[in-house]
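Since the structure comes first, as C-alpha cells, the remarks are kept for the end.
There are 2 protein chains.
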Amino acid sequence: MKINSLKKKSSRISEGFLYTDQYQLTMAQVYFRMGMHEHQVQFDHFFRDYPDYGVHKAGYCINAGLEWLVDWMRNVRFTDTDYLHLKKMTGGAGNPLFHTDFLDWLKKFGNYEMIELQSIPEGRVIHPHESLNVVRGPLAQSQILETALLNMLNYQILIATKASRIREAGCRQLMLEFGVRRGHDRGANAGARAALIGGADFTSNAGISFELGFPPKGTHAHSLVQLFLTLGYTEEEAFQAFADVFPDDCILLVDTIDTLNSGVPNAIRVFEKLKKKGHRPVGIRLDSGDLAYLAIRSAKQLNDAGFKDVKIVLSNELDEMNIWQILKQIREEAGGYGLDSDSLIKRLVYGVGTRLITSVGDPALGGVYKLTAVRKNGVWEPSIKISESAEKIPHPGQKNVWRLYDNRGKATADLIGYRDEDLSRMESIELWHPYDPEKKRTLKTDEISASESLLVPVLFQGNIVYDFPSIEAIRFVRDEDIQRLDSGVKRLINPHVYHVSLTHRLMTIKQDLLREIQHA
Amino acid sequence: MKINSLKKKSSRISEGFLYTDQYQLTMAQVYFRMGMHEHQVQFDHFFRDYPDYGVHKAGYCINAGLEWLVDWMRNVRFTDTDYLHLKKMTGGAGNPLFHTDFLDWLKKFGNYEMIELQSIPEGRVIHPHESLNVVRGPLAQSQILETALLNMLNYQILIATKASRIREAGCRQLMLEFGVRRGHDRGANAGARAALIGGADFTSNAGISFELGFPPKGTHAHSLVQLFLTLGYTEEEAFQAFADVFPDDCILLVDTIDTLNSGVPNAIRVFEKLKKKGHRPVGIRLDSGDLAYLAIRSAKQLNDAGFKDVKIVLSNELDEMNIWQILKQIREEAGGYGLDSDSLIKRLVYGVGTRLITSVGDPALGGVYKLTAVRKNGVWEPSIKISESAEKIPHPGQKNVWRLYDNRGKATADLIGYRDEDLSRMESIELWHPYDPEKKRTLKTDEISASESLLVPVLFQGNIVYDFPSIEAIRFVRDEDIQRLDSGVKRLINPHVYHVSLTHRLMTIKQDLLREIQHA
Numbered sequence: 000m001k002i003n004s005l006k007k008k009s010s011r012i013s014e015g016f017l018y019t020d021q022y023q024l025t026m027a028q029v030y031f032r033m034g035m036h037e038h039q040v041q042f043d044h045f046f047r048d049y050p051d052y053g054v055h056k057a058g059y060c061i062n063a064g065l066e067w068l069v070d071w072m073r074n075v076r077f078t079d080t081d082y083l084h085l086k087k088m089t090g091g092a093g094n095p096l097f098h099t100d101f102l103d104w105l106k107k108f109g110n111y112e113m114i115e116l117q118s119i120p121e122g123r124v125i126h127p128h129e130s131l132n133v134v135r136g137p138l139a140q141s142q143i144l145e146t147a148l149l150n151m152l153n154y155q156i157l158i159a160t161k162a163s164r165i166r167e168a169g170c171r172q173l174m175l176e177f178g179v180r181r182g183h184d185r186g187a188n189a190g191a192r193a194a195l196i197g198g199a200d201f202t203s204n205a206g207i208s209f210e211l212g213f214p215p216k217g218t219h220a221h222s223l224v225q226l227f228l229t230l231g232y233t234e235e236e237a238f239q240a241f242a243d244v245f246p247d248d249c250i251l252l253v254d255t256i257d258t259l260n261s262g263v264p265n266a267i268r269v270f271e272k273l274k275k276k277g278h279r280p281v282g283i284r285l286d287s288g289d290l291a292y293l294a295i296r297s298a299k300q301l302n303d304a305g306f307k308d309v310k311i312v313l314s315n316e317l318d319e320m321n322i323w324q325i326l327k328q329i330r331e332e333a334g335g336y337g338l339d340s341d342s343l344i345k346r347l348v349y350g351v352g353t354r355l356i357t358s359v360g361d362p363a364l365g366g367v368y369k370l371t372a373v374r375k376n377g378v379w380e381p382s383i384k385i386s387e388s389a390e391k392i393p394h395p396g397q398k399n400v401w402r403l404y405d406n407r408g409k410a411t412a413d414l415i416g417y418r419d420e421d422l423s424r425m426e427s428i429e430l431w432h433p434y435d436p437e438k439k440r441t442l443k444t445d446e447i448s449a450s451e452s453l454l455v456p457v458l459f460q461g462n463i464v465y466d467f468p469s470i471e472a473i474r475f476v477r478d479e480d481i482q483r484l485d486s487g488v489k490r491l492i493n494p495h496v497y498h499v500s501l502t503h504r505l506m507t508i509k510q511d512l513l514r515e516i517q518h519a
Numbered sequence: 000m001k002i003n004s005l006k007k008k009s010s011r012i013s014e015g016f017l018y019t020d021q022y023q024l025t026m027a028q029v030y031f032r033m034g035m036h037e038h039q040v041q042f043d044h045f046f047r048d049y050p051d052y053g054v055h056k057a058g059y060c061i062n063a064g065l066e067w068l069v070d071w072m073r074n075v076r077f078t079d080t081d082y083l084h085l086k087k088m089t090g091g092a093g094n095p096l097f098h099t100d101f102l103d104w105l106k107k108f109g110n111y112e113m114i115e116l117q118s119i120p121e122g123r124v125i126h127p128h129e130s131l132n133v134v135r136g137p138l139a140q141s142q143i144l145e146t147a148l149l150n151m152l153n154y155q156i157l158i159a160t161k162a163s164r165i166r167e168a169g170c171r172q173l174m175l176e177f178g179v180r181r182g183h184d185r186g187a188n189a190g191a192r193a194a195l196i197g198g199a200d201f202t203s204n205a206g207i208s209f210e211l212g213f214p215p216k217g218t219h220a221h222s223l224v225q226l227f228l229t230l231g232y233t234e235e236e237a238f239q240a241f242a243d244v245f246p247d248d249c250i251l252l253v254d255t256i257d258t259l260n261s262g263v264p265n266a267i268r269v270f271e272k273l274k275k276k277g278h279r280p281v282g283i284r285l286d287s288g289d290l291a292y293l294a295i296r297s298a299k300q301l302n303d304a305g306f307k308d309v310k311i312v313l314s315n316e317l318d319e320m321n322i323w324q325i326l327k328q329i330r331e332e333a334g335g336y337g338l339d340s341d342s343l344i345k346r347l348v349y350g351v352g353t354r355l356i357t358s359v360g361d362p363a364l365g366g367v368y369k370l371t372a373v374r375k376n377g378v379w380e381p382s383i384k385i386s387e388s389a390e391k392i393p394h395p396g397q398k399n400v401w402r403l404y405d406n407r408g409k410a411t412a413d414l415i416g417y418r419d420e421d422l423s424r425m426e427s428i429e430l431w432h433p434y435d436p437e438k439k440r441t442l443k444t445d446e447i448s449a450s451e452s453l454l455v456p457v458l459f460q461g462n463i464v465y466d467f468p469s470i471e472a473i474r475f476v477r478d479e480d481i482q483r484l485d486s487g488v489k490r491l492i493n494p495h496v497y498h499v500s501l502t503h504r505l506m507t508i509k510q511d512l513l514r515e516i517q518h519a
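Below, the structure is given as C-alpha cells:
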C-alpha cells in the first residue's frame with residue numbers, strides 16, 4: 000500500500016480532528032445522548048452543478064483530492080488537547096457545553112478508522128449528482144467528517160477542472176502553474192496539486208513540487224532586470240548573468256524595458272553566445288502587452304536569428320478564455336508576418352497564475368454531503384431529504400455510478416442506479432431523467448460498446464484497500480476520459496449537457512419515498 | 000513579546016522555506032554568483048486596486064495577515080531536506096541546477112533573521128499603492144520571501160475586506176463565518192482568522208477558533224432532522240432532543256420540512272418547554288427560500304408566542320449585496336405584518352459561508368512586491384521599474400504613509416512621501432495626484448485635525464519590535480478606522496474614490512527617475 004509513503008501531518012489543532020464545523024460536534028453530542036451515535040449511516044458526496052464562471056460554464060469536471068483526504072483521515076484523531084478545549088467550552092448559562100461522557104467517548108472513538116469509503120478515482124471526468132464519495136460508518140464520526148471532506152475535495156475538483164479547461168484551450172501545450180502568491184494561504188499547495196492533476200505540467204511552487212516528486216519550474220522576475228539596471232548594468236548583462244548560471248535552462252523575461260526593441264534583441268545576443276558554447280537556449284517569456292501580437296513579432300525575430308525552437312512562454316492573467324482569444328488572433332495574423340501559425344502555437348508555453356489557482360469566475364464548487372441511507376435492524380434503508388426544488392433532493396440509497404460508451408468509444412451517458420443492479424443483464428438500458436419522472440431515453444445493448452462502474456472501494460474494515468496511483472497515472476486516466484468526451488461537452492462556452500440519468504429502479508424508489516414523505 | 004505564544008509550525012517542506020516560487024531560488028543563485036546576494040535592498044508590498052466584485056467594487060480594504068506572516072518568517076529555515084531536494088535537481092543538460100557553494104550558503108543563511116520589516120498594523124483601513132509592508136534586507140532572502148509574503152497577506156486582506164463589507168451591509172449585527180467547507184483547503188483557517196478580523200464575530204471552524212482563543216459557534220444541519228425522520232421520529236422530537244442537550248444554547252434549523260407550517264411551530268413548542276424549565280431559547284435558523292419574507296413571518300409567529308427576543312439566523316449564499324436586499328425588503332414589508340422593521344433587523348444574525356471565504360466576485364487581491372530601493376556605497380537609492388501603464392510604476396524609495404483627518408475627524412486623504420519628510424513642519428500640505436504630475440490639492444494646516452504615520456517597525460536587527468495585538472484589539476482599530484471613513488467611501492456600489500496622494504518630493508523624484516530611465 001502506497002499510503003505509507005504519504006508525508007502529510009496534521010499536528011495543529013486547526014488541522015486535526017477539530018478541523019470541522021462546531022455544529023458537527025454539537026450534533027454528535029445529541030446523537031450520543033440519544034444513543035444514535037453508532038448507528039450505521041451513509042452519506043454521499045456530490046456536486047449539483049458545474050462551475051459557472053460567469054459568461055461561461057464548464058461541461059465536465061475532473062475529480063481530485065482523494066489521496067490527501069484519505070491521508071488526513073488516517074492520521075487524525077481526537078487528542079487530549081482537543082479534549083481540553085471542548086471541556087472548557089461553556090454554554091449560554093455558564094454550564095459546560097460538552098459533557099464528560101461524550102468527550103470520553105470521543106477520546107476513544109474520535110477517529111475515522113470505522114469509516115468505509117467508496118470513491119471515484121482522481122483524474123476521472125465527473126458530472127453533477129454523481130456520488131463521488133460514498134461514506135459509511137457510525138453516525139457521529141460520519142457527520143463530523145463532513146466539513147473536512149468537503150473542504151479538501153471541493154477545492155481540488157474546482158482547480159483540476161479549471162486546469163483541464165485551460166489545457167484544452169491551449170491545445171495541450173506545456174502549461175505551468177504560477178499562482179501560489181495569489182492562492183488562499185496554504186490552500187495554494189492543494190491548488191498546485193490539483194492543477195498538476197487537471198492540466199498543468201509543472202508548478203512554480205517549489206515545496207509542493209518536491210513533496211509530489213516533480214521538479215518545480217520557473218523563469219525569472221522583472222526585479223532581476225530592474226536590480227541590474229539600478230546597479231548600473233544593462234538588460235543584456237542581466238540576461239547574460241542568468242545565462243551564465245543556467246546555460247541549459249535559460250528562459251529570459253523580455254518585457255521589462257521594451258519587448259521588441261530591447262528584450263528580444265538582447266535575448267538573441269545572449270542566446271547566440273550560449274549556442275556557440277554548445278548550449279541550447281530554452282525560451283523567452285512575455286508577461287505584458289498584447290501577448291498574441293508580441294508572440295508573433297518575437298517569434299519572427301527569433302526565427303530570423305535562427306532560434307526556431309526557442310519556446311515562447313506567455314503569462315499575465317491567463318485563463319481558458321484569454322488563451323482561446325490569443326490563439327485565435329495568432330491564427331488570423333501570423334501569416335501576415337510570414338509565420339506558420341501552427342508552428343508558432345506549438346512553441347507556446349502557458350504560465351497560469353491567479354485565474355487558475357482561485358478559479359476566477361467561480362471560486363467555489365458547491366459540493367455537498369448528504370445522508371442517503373440508514374441501517375435499521377441490519378438492513379440498509381434509503382433516506383431522503385425533501386426540498387422545494389427537485390434538483391436539491393439527493394438520490395437516496397446505496398448507489399453505483401456507471402459510464403456508458405457508444406460504438407465510437409465516446410461516453411454517451413452516466414447512469415446512477417443501485418449497487419446491486421446489473422447492467423449486463425438488461426436487454427436495453429433505460430436512462431431516466433433525473434427530475435422528470437416522465438422522461439426517458441432507451442439505449443439498446445448493441446448501441447453500447449462498454450460500460451464501467453466508476454466507484455471503487457478505498458477504505459474497508461479499517462484498511463486502505465486502494466492503491467493510490469501516481470500523479471502521472473492520474474493524468475493518464477484524465478487524458479483517456481477527456482478523449483472519450485464528445486467535443487460538444489468540451490466546448491468552452493455553452494457546452495452540450497452531458498446526460499446523467501437514473502435507472503428505472505432508482506427513479507421509482509425516489510418517487511415512492513417522496514410520495515411517502517409528502518403524505519406523512 | 001507576545002510572539003512566543005504563537006503556535007504555528009511549518010515542518011513540512013511545502014510549508015517551510017521552500018514555500019516559494021522556483022524562480023526566486025534560481026534568481027537567488029544568479030545573485031549569489033554575481034556577488035550581489037547580500038546587497039541591501041528594499042521591497043514594498045502594496046496592491047494597485049480594490050477588489051472588484053464584478054458589479055460592485057470596494058472603496059477601502061482592511062489589513063490582515065501580518066502576525067501569521069511574521070510567525071512563519073521566525074520559524075522557517077532552509078533545512079537539510081530542502082538542501083537534498085535542491086541538490087538533486089538537474090537542468091536541461093543533466094547537470095545540477097543548483098551549485099554546492101550556493102546551497103551551502105543557503106544552509107547558513109536560508110532564513111529571515113536579517114530581514115527588517117515595517118508594516119501597517121492589522122485591522123487598519125488601507126488603500127491602493129500604499130506600502131503595507133516595507134521589507135529591507137539582503138537581496139537573496141528578500142527576493143525569496145516574496146512568494147510566501149504575498150500568499151499569506153493577499154488572501155487575509157481580501158477576506159478581512161469582504162467581511163467588513165458584509166458586516167456594514169448587515170448594520171453591524173452578529174455575523175458568523177460558516178465557510179470552511181468551501182474554503183480553499185487549509186486556506187480556510189487563514190480565511191476564518193481574516194473574517195474574524197474584518198467583520199465576523201465568530202466562526203464555525205472549531206480548530207482555528209480554539210487556536211485563536213474564540214469559542215466556535217454553530218447551530219445544527221438539516222441532516223439532524225432528516226436522520227430523526229428516517230428513524231421514525233418527528234421534526235419536533237428532533238428539536239426536542241437538541242434542546243435537551245443544549246437547553247441554554249438552542250438554535251433550531253426550521254426549514255427542513257416547511258418553515259412556517261412545521262419548523263417554526265415545532266420550534267415554538269420546544270421553546271415553550273425550555274422556558275418553563277427556566278431556560279432561554281436562543282434562536283431559529285432559516286437556510287432556504289425567501290429569507291426576508293420568512294424572517295418576517297417567523298418573527299410574527301415567534302412574537303405571537305411570546306418569543307420576541309429569539310434570534311433569527313439567516314444563511315444561504317449571503318454576502319453584502321444579498322443582505323442589503325434582504326434588509327431593504329424587510330424595511331418595506333415588515334410594517335404590513337404589524338412588525339417594527341428596526342426591531343426585526345436587530346434580532347437578525349448572519350451565517351456567511353462560501354461568498355465570504357472565497358470572496359466571490361473577486362477571489363484574489365492583486366497585491367505585489369516591488370523593488371523600490373537599493374543601498375549603494377552605504378546610501379539608500381530609490382529604484383524604479385518602468386511600465387507602459389503609469390499606474391504600474393511603483394513609487395520608488397524609502398517611503399512613509401500618513402493619514403490626514405479633517406476637522407470632523409474623518410480621514411480626508413492618505414499621503415505617501417519620504418520617511419524623512421516632516422508634515423508638522425509644512426505650512427500647508429500639498430497632495431499631488433499619483434500619476435498626473437500637473438494635478439494637486441492643497442490642504443491648509445487648519446483644515447487638518449490630525450495626521451498619523453501608518454507604518455510601524457515590526458522586525459529590526461533580528462528582533463521582533465512589535466507587540467502583536469489580540470484579535471479584539473485589532474477589531475477595535477478596525478471599527479475606529481471605519482467610523483473615520485466618509486460614508487461615501489463605504490458605499491456598497493460605486494464608492495467615492497478615497498484620495499491617496501504623493502508629497503511634492505516623492506512626485507518630483509519619481510518624475511526625475513522616469514525621465515532618467517527613459518533617456519538612458
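Line order of the protein sequences matches chains A and B.
According to numbering that gives the first Met the number 0, the residues represented by the first sequence are 0 to 519, in order.
According to numbering that gives the first Met the number 0, the residues represented by the second sequence are 0 to 519, in order.
Backbone N, C-alpha and C fix where the C-beta goes; we use that ideal spot for every residue, glycine too.
Cβ pair count under 8 Å reaching 3, the stretch 30 to 43 of chain B against the stretch 464 to 478 of chain B: At 8 Å Cβ cutoff, the stretches do not touch.
Interface flag, Lys-384(A) vs chain B, CB-CB below 8 Å: Counted from its first residue, the first sequence places residue 384(A) at position 385. Among the residues facing chain B, Lys-384(A) is included, as its CB has a counterpart in that chain under 8 Å away.
Secondary structure of Asn-302(A), DSSP reduced to three states: Mapped onto the first sequence, residue 302(A) falls at position 303. Per DSSP, reduced to three states, the secondary structure at Asn-302(A) is helical.
CB contact below 8 Å: Gly-190(B) versus chain A: Along the second sequence, one-based indexing puts residue 190(B) at 191. Closer than 8 Å to some Cβ of chain A, the Cβ of Gly-190(B) qualifies, so yes.
Coarse secondary structure for Leu-5(A), derived from DSSP in three states: In the first sequence, counting from the first residue as 1, residue 5(A) sits at position 6. Summary for Leu-5(A): the model assigns pLDDT 33, below 50, so the residue's position carries little reliability; its value from the coordinates is reported in the next sentence. DSSP places Leu-5(A) in coil when its eight states are reduced to three.
Stretch pair the stretch 278 to 292 of chain A + the stretch 312 to 329 of chain A: three plus CB contacts closer than 8 Å: Touching, per the Cβ criterion.
Spatial distance of Pro-95(A) from Ala-333(B) (CA atoms): Mapped onto the first sequence, residue 95(A) falls at position 96. Mapped onto the second sequence, residue 333(B) falls at position 334. Answer to the nearest angstrom: the Cα atoms are 38 Å apart.
Continuous beta strand (DSSP E) assignments of at least 3 residues falling wholly in the stretch 247 to 291 of chain A: Those beta strand (DSSP E) runs which fall completely within the stretch 247 to 291 of chain A and span 3+ residues are 250 to 252, 282 to 285.
The stretch 26 to 41 of chain A: positions lying closer than 9 Å to chain B by Cβ: Answer set for the stretch 26 to 41 of chain A: Met-26, Gln-28, Val-29, Tyr-30, Phe-31, Arg-32, Met-33, Met-35, His-38, Val-40.
Contact the stretch 179 to 190 of chain B vs the stretch 183 to 198 of chain A: 3+ CB pairs below 8 Å: By the criterion of at least three beta-carbon pairs nearer than 8 Å, the stretch 179 to 190 of chain B is in contact with the stretch 183 to 198 of chain A.
Cβ pair count under 8 Å reaching 3, the stretch 236 to 247 of chain A against the stretch 199 to 217 of chain A: With the cut-off at 8 Å, the stretch 236 to 247 of chain A and the stretch 199 to 217 of chain A do not touch.
Contact check, Lys-384(B) vs Lys-369(B), beta carbons under 8 Å: For the purposes of this step, residue 384(B) is taken as the residue at position 385 of the second sequence. For the purposes of this step, residue 369(B) is taken as the residue at position 370 of the second sequence. Taking 8 Å as the Cβ cut-off, Lys-384(B) and Lys-369(B) qualify as a contacting pair.
C-beta atoms of Val-488(B) and Tyr-59(B) nearer than 8 Å: On the second sequence, residue 488(B) is found 489 positions in, with the first residue counted as 1. On the second sequence, residue 59(B) is found 60 positions in, with the first residue counted as 1. Result yes, Cβ atoms of Val-488(B) and Tyr-59(B) sit closer than 8 Å.
Given Gln-510(B) as reference, the closest of Val-124(B), Pro-395(B), Glu-429(B), Gln-225(B) once Cα atoms are compared: The sequence position of residue 510(B) within the second sequence is 511, counting from 1. The residue from Val-124(B), Pro-395(B), Glu-429(B), Gln-225(B) with its alpha-carbon nearest to that of Gln-510(B) is Pro-395(B).
Contact list for Ile-554(B) against chain A, beta-carbon separation under 9 Å: Lying before the first or after the last residue shown, residue 554(B) is absent from chain B, which here runs from 0 to 519.
For Glu-121(B) and Leu-68(B), believed in contact at Cβ under 8 Å, the rounded distance: In the second sequence, counting from the first residue as 1, residue 68(B) sits at position 69. In the second sequence, counting from the first residue as 1, residue 121(B) sits at position 122. A Cβ-Cβ distance of about 10 Å is found for the pair Leu-68(B) and Glu-121(B), leaving them out of contact under the 8 Å criterion.
Chain-order list of residues whose beta-carbon lies under 8 Å from that of Val-562(B) (same chain, five-residue window excluded): For chain B, the structure presents residues 0 to 519; residue 562(B) sits outside this window and is missing.
Contacting residues, own chain, Cβ-Cβ under 7 Å from Glu-451(A) (five flanking each side not counted): Your numbering for residue 451(A) matches position 452 in the first sequence. Within the same chain, Glu-451(A) has close Cβ partners Trp-401, Arg-402.
Classification of Ser-382(B) by the beta-carbon crowding that lies within 10 angstroms, buried from 16 upward: Counting from one through the second sequence, the residue named residue 382(B) turns up at place 383. Label assigned to Ser-382(B): buried.
Residue-chain proximity (Tyr-18(A), chain B), Cβ-Cβ < 8 Å: In the first sequence, residue 18(A) corresponds to position 19, counting from 1. For Tyr-18(A), the nearest CB of chain B lies under 8 Å from its own CB, placing it at the interface with that chain.
Cβ pair count under 8 Å reaching 3, the stretch 436 to 448 of chain A against the stretch 90 to 107 of chain A: The stretch 436 to 448 of chain A is not in contact with the stretch 90 to 107 of chain A.
For Val-464(B), three-class secondary structure by DSSP: As a working note, residue 464(B) is residue 465 in the second sequence. Coil at Val-464(B), not helix or strand.
Which listed residue (Val-179(B), Ser-222(B), His-221(B)) has its alpha carbon closest to that of Thr-202(B): Position 203 of the second sequence, counting from 1, holds the residue named residue 202(B). Comparing Cα-Cα distances from Thr-202(B) to each of Val-179(B), Ser-222(B), His-221(B), the minimum goes to Val-179(B).
For His-503(A), three-class secondary structure by DSSP: Residue mapping note: residue 503(A) aligns to position 504 of the first sequence, counting from 1. The answer is helix: DSSP assigns His-503(A) an H, G or I state.
is_contact[Gly-206(A), chain B] using C-beta, thresh 8 Å: Numbered from 1 along the first sequence, position 207 holds the residue referred to as residue 206(A). Judged by the 8 Å Cβ criterion, Gly-206(A) is in contact with chain B.
Distance, Ile-415(A) Cα to Trp-421(A) Cα: Taking the first sequence and counting its residues from 1, one reaches residue 421(A) at position 422. Taking the first sequence and counting its residues from 1, one reaches residue 415(A) at position 416. The sequence as given places Asp at residue 421(A); Trp does not occur at that position. Our two residues, Asp-421(A) and Ile-415(A), have alpha carbons roughly 12 Å apart in a direct line.
Beta-carbon neighbours of Asp-318(A), restricted to chain B and to distances below 8 Å: As a first step, residue 318(A) is located in the first sequence; it is residue number 319 there, counting from the start. Correct list: empty, because the minimum Cβ distance to chain B is about 12 Å.
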